[in-house]
Amino acid sequence: MQRISILLLAACSAIFSIFAQNPSEEYLSLVEQADKAISEMKWDEAARHLNEAMRLEPSNPSNVLLMSNLGMMHFYAGRDSLALETLSTASRIAPASVTVLQNRARVLSAMGRLAEAHQDYTKTIGLDSTLVDPRFYRAMIRLQSGDAENCAADIEFMKRNFAGQKQTLIAESTFLTYTGRYSEAVPILTALIEEHPDADCYSNRALCYLMTDMLPEAAADIAGGLELDPINGELFLYRALLNKMRYRPDDAKADAEKARLYGVGAARIKALGLQ
Numbered sequence: 000m001q002r003i004s005i006l007l008l009a010a011c012s013a014i015f016s017i018f019a020q021n022p023s024e025e026y027l028s029l030v031e032q033a034d035k036a037i038s039e040m041k042w043d044e045a046a047r048h049l050n051e052a053m054r055l056e057p058s059n060p061s062n063v064l065l066m067s068n069l070g071m072m073h074f075y076a077g078r079d080s081l082a083l084e085t086l087s088t089a090s091r092i093a094p095a096s097v098t099v100l101q102n103r104a105r106v107l108s109a110m111g112r113l114a115e116a117h118q119d120y121t122k123t124i125g126l127d128s129t130l131v132d133p134r135f136y137r138a139m140i141r142l143q144s145g146d147a148e149n150c151a152a153d154i155e156f157m158k159r160n161f162a163g164q165k166q167t168l169i170a171e172s173t174f175l176t177y178t179g180r181y182s183e184a185v186p187i188l189t190a191l192i193e194e195h196p197d198a199d200c201y202s203n204r205a206l207c208y209l210m211t212d213m214l215p216e217a218a219a220d221i222a223g224g225l226e227l228d229p230i231n232g233e234l235f236l237y238r239a240l241l242n243k244m245r246y247r248p249d250d251a252k253a254d255a256e257k258a259r260l261y262g263v264g265a266a267r268i269k270a271l272g273l274q
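Just so we're aligned: the sequence shown equals residues 0 to 274 in numbering that gives the first Met the number 0.
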């Protein structure tokens, strides 16, 4: 689970100064307790403190921010419908809040409601075109939805305005891989690994190497990725494919089973002829 960097206290302090409203010590204490619970990934505890703070001072203007974070606490706790309801309420109160819109788009994406998530990311971009995250996620939704032309337009914007940033490199390499341009994706993934090495980057480059018959390079990336994340299902899937290509059926079958164990769907495993 990715750690949330919400910075409740700093954000609330900024809002308090704008509206010249002094929150009570109890309110600030509840916000601080929520922030601590968030840092420890205690979603239900954080939600309780946020609700208590909003009930204590229902007219406090910073409650929109607290409500946005409350929505994400519900989301991380697996309560998607309640998360969406909470974030939609926050958006009605503050329709120009890019934070609320991005949080709601994230929940909608997780629920498979990509068209609605696309709308929220587009609204966010309209409100602040300098934000890279909504541009990245909109590009990925467009790619997933088969809208390669508009996805490419978003990526070109990112390359012009956010050159070298992680999201830009991921977006471009994902687009190239998705459209079968594996050799072109390799140098971008290499740059990404040099600056931001993680198992997913190694996994993506390993796939490109596999698809271009560079098996030793693929093997090295799979090994490097598994050192960083020993339970990465994608890496085991690609190692299974590598073993199949090297005519090691027993090893391929064993790795395919590990891929299934670590979250790869049976349909994908079967599609590669590994079952």
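Here a beta-carbon is modelled for each residue, glycine too, at the ideal position from N, C-alpha and C. Quick caveat: nothing in here was measured; it's all calculated off a predicted structure.
Among the options, which has the Cα closest to the Cα of residue i?
i      : options                           : result
LEU206 : ALA219, HIS195 and GLU194         : ALA219
LYS257 : ALA266, SER58, PHE235 and LEU241  : PHE235
ASN50  : GLU39, LEU64 and SER38            : LEU64
PHE174 : LEU113, TRP42, ARG247 and SER144  : SER144
ASP146 : HIS117, LYS122, ALA184 and GLU183 : HIS117
SER182 : ILE169, LEU191, LEU209 and TYR201 : LEU209
TYR110 : LEU83, GLU226 and VAL97           : It should be noted that the sequence gives Met, not Tyr, for residue 110. That would be LEU83, whose Cα lies nearest to the Cα of MET110.
LEU185 : PRO196, GLU171, PHE74 and ARG204  : The sequence given here places Val at residue 185; Leu does not occur at that position. The shortest Cα separation from VAL185 among PRO196, GLU171, PHE74 and ARG204 belongs to ARG204.
GLU233 : THR211, LEU260 and TYR246         : LEU260
GLU56  : ALA36, LEU113, GLU24 and SER38    : GLU24
ARG54  : TYR246, TYR26, THR211 and GLU193  : TYR26
THR123 : ALA93, LEU81 and ALA151           : ALA93
SER28  : MET244, ARG245 and ALA52          : ALA52
Can you tell me whether residue i is helix, strand or coil according to DSSP?
i      : result
ALA266 : helix
TYR208 : helix
TYR201 : helix
GLY224 : helix
ASP132 : helix
GLN1   : Because GLN1 sits at a pLDDT of 40, beneath the cut-off of 50, its placement in the model cannot be relied upon, and the following sentence gives the value as read from the coordinates. It is coil, neither helix nor strand.
PRO215 : helix
PHE74  : helix
THR173 : helix
ILE140 : helix
HIS48  : helix
THR189 : helix
Just to confirm, is the Cβ distance from residue i to residue j under 8 angstroms?
i      : j      : result
ASN304 : ALA198 : Because the chain here runs from 0 to 274, residue 304 falls outside it and cannot be looked at.
VAL99  : SER90  : yes
ASP119 : ALA95  : no
ASN62  : PRO22  : no
ALA251 : LEU273 : yes
TYR237 : GLY223 : no
LEU271 : LEU225 : no
GLU171 : ILE192 : no
Apart from the five residues just before and just after residue i, which ones in its own chain have a Cβ nearer than 7 angstroms to its Cβ?
i      : result
ASP153 : ARG134, ARG137, ALA138 and ARG141
TYR179 : One point to set straight first is that residue 179 is Gly, not Tyr, in the sequence displayed. For GLY179, where only same-chain residues beyond five positions count, there are no Cβ hits under 7 angstroms.
ALA190 : LEU168
LEU86  : SER67, GLY70, VAL99, ASN102, ARG103 and VAL106
TYR177 : LEU142
ALA36  : GLU44, ALA45 and HIS48
HIS195 : LYS165
LEU113 : ILE140, GLN143 and SER144
Can you list, in chain order, the residues of its chain with a C-beta nearer than 8 angstroms to that of residue i? Leave out the 5 residues immediately preceding and following it.
i      : result
THR167 : VAL131, PHE135, ILE154, MET157, LYS158 and PHE161
ALA76  : TRP42, ASP43 and ALA46
SER16  : Annotation note: pLDDT 41 at SER16 (below 50); position unreliable, no value reported.
LEU126 : ALA95, VAL97 and LEU100
THR88  : MET66
Excluding the 5 residues flanking residue i on each side, which residues of the same chain have their C-beta closer than 6 angstroms to its C-beta?
i      : result
ASP228 : ALA198
GLU115 : LEU107
GLU216 : TYR208
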